[in-house]
Amino acid sequence: MHRLFVAIRPPLFIRSRLLGLMEGVSGARWQNDDQLHLTLRFIGEVERHIAEDLADLLRSVRFSPFSIELAGVGRFEKNGRADSLWAGVQPREPLAALHRKMDHLCVTLGLKPEARAYLPHITIARCGRSTAPTDPFMERNAGLTSVPFAVEGFSLYESHLGGEGAIYNRIAHYPD
């Protein structure tokens with residue numbers, strides 16, 4: 041089985057900006073540079089033949105390049121506790137359009153459509169029960185911005201979960 045997702049890898053200057061934010065929340069598991077990405081579609085566990093078919097189908101995705109920029113921070117919660125911290129991006133619509141294309145491809149391969157609403161973001165930390173309150177971090181970084189950066193392609197990644205966090209391997213980049 042292959043655990044896959046489709047994502048955009050931000051340029052180095054954006055990743056450096058995000059890495060500079062990663063402090064001030066005791067117990068947070070901060071992402072490292074190799075983990076920073078903006079997910080277009082989480083695929084999940086699939087058999088090899090589905091992974092290969094998906095890799096082929098992704099070659100057919102066309103879009104006009106566009107620019108996005110960092111825009112604030114947020115958090116996802118689970119059971120009333122912070123589950124992850126993330127950096128937002130804007131504008132959202134070109135990313136949502138790409139997400140819809142990825143979702144359509146997945147459905148044509150027999151995978152279930154995405155059930156959750158799509159919120160483009162870059163995860164910067166995972167949180168657990170021992171994580172300190174995140175409100176000070178949220179307040180300190182609410183005005184996060186960046187210069188725009190171009191989105192000209194996307195990649196298919198395989199994720200390997202381990203004790204030190206996920207390891208992501210890029211399988212293919214589109215367009216080639």
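Sequential numbering from 41 applies to the sequence shown in my numbering. Note that CB positions come from ideal geometry on N, CA and C, so glycine has one too. No experiment lies behind these values; they were computed from the predicted model shown.
Can you list, in chain order, the residues of its chain with a C-beta nearer than 7 Å to that of residue i? Leave out the 5 residues immediately preceding and following it.
i       : result
His-213 : Gly-193 and Ser-195
Asp-73  : Arg-55 and Leu-59
Thr-185 : Glu-109, Leu-110 and Ala-111
Leu-76  : Pro-50, Arg-55, Leu-58 and Ile-162
Gln-71  : Thr-163, Ile-164 and Ala-165
His-139 : Leu-80, Arg-81 and Tyr-158
Met-62  : Trp-70, Ile-164 and Ala-165
Phe-177 : Gly-64, Val-65 and Leu-125
Pro-215 : Gly-193
Lys-141 : Val-101
If you compare alpha carbons, which of the options is closest to residue i?
i       : options                               : result
Gly-64  : Leu-125, Gly-202 and Phe-189          : Leu-125
Ala-157 : Leu-135, Asp-175, Ala-172 and Thr-174 : Leu-135
Ile-90  : Lys-152, Ser-170, Gly-205 and Gly-203 : Lys-152
Glu-92  : Pro-215, Asp-216 and Ile-211          : Ile-211
Val-113 : Glu-179, Pro-215, Ala-206 and Glu-204 : Glu-179
Gly-168 : Ala-68, Ala-47 and Phe-53             : Ala-68
For the alpha helix (DSSP H) holding residue i, just list the boundary residues, first then last.
i       : result
Glu-179 : 175-181
Glu-92  : 88-97
Leu-196 : Careful: Leu-196 lies outside any alpha helix (DSSP H), inside the beta strand (DSSP E) at 194-200.
Apart from the five residues on each side of it in sequence, which residues of its chain come closer than 6 Å, Cβ to Cβ, to residue i?
i       : result
Leu-145 : Leu-97
Ile-83  : Leu-44 and Phe-45
Tyr-208 : Tyr-197 and Ser-199
Met-41  : Glu-85
Phe-116 : Asp-123 and Ser-124
Between residue i and the rest of its own chain, which residues show a CB-CB distance below 8 Å, the 5 nearest in sequence each way excluded?
i       : result
Leu-224 : Since the first residue of the chain shown is 41 and the last is 216, residue 224 is not available in this structure.
Ala-107 : Note that residue 107 corresponds to Ser in the displayed sequence, not to Ala. Hits under 8 Å: Pro-188, Phe-189, Ala-190 and Val-191.
Asp-143 : Arg-81, Pro-153 and Glu-154
Using three-state DSSP, classify residue i as helix, strand or coil.
i       : result
Glu-109 : strand
Phe-103 : coil
Lys-141 : helix
Asp-216 : coil
Gln-75  : helix
Glu-117 : strand
Thr-185 : strand
Ala-136 : helix
Thr-148 : helix
Arg-69  : strand
Leu-61  : coil
How is the beta strand (DSSP E) around residue i delimited, first residue to last?
i       : result
Ala-45  : Before going on, a small fix: residue 45 reads as Phe here, not Ala. First-last of the beta strand (DSSP E) with Phe-45: 42-48.
Arg-156 : Neither: Arg-156 is in no beta strand (DSSP E) and is coded neither H nor E.
Arg-169 : Premise fails: Arg-169 is in no beta strand (DSSP E) and is neither H nor E.
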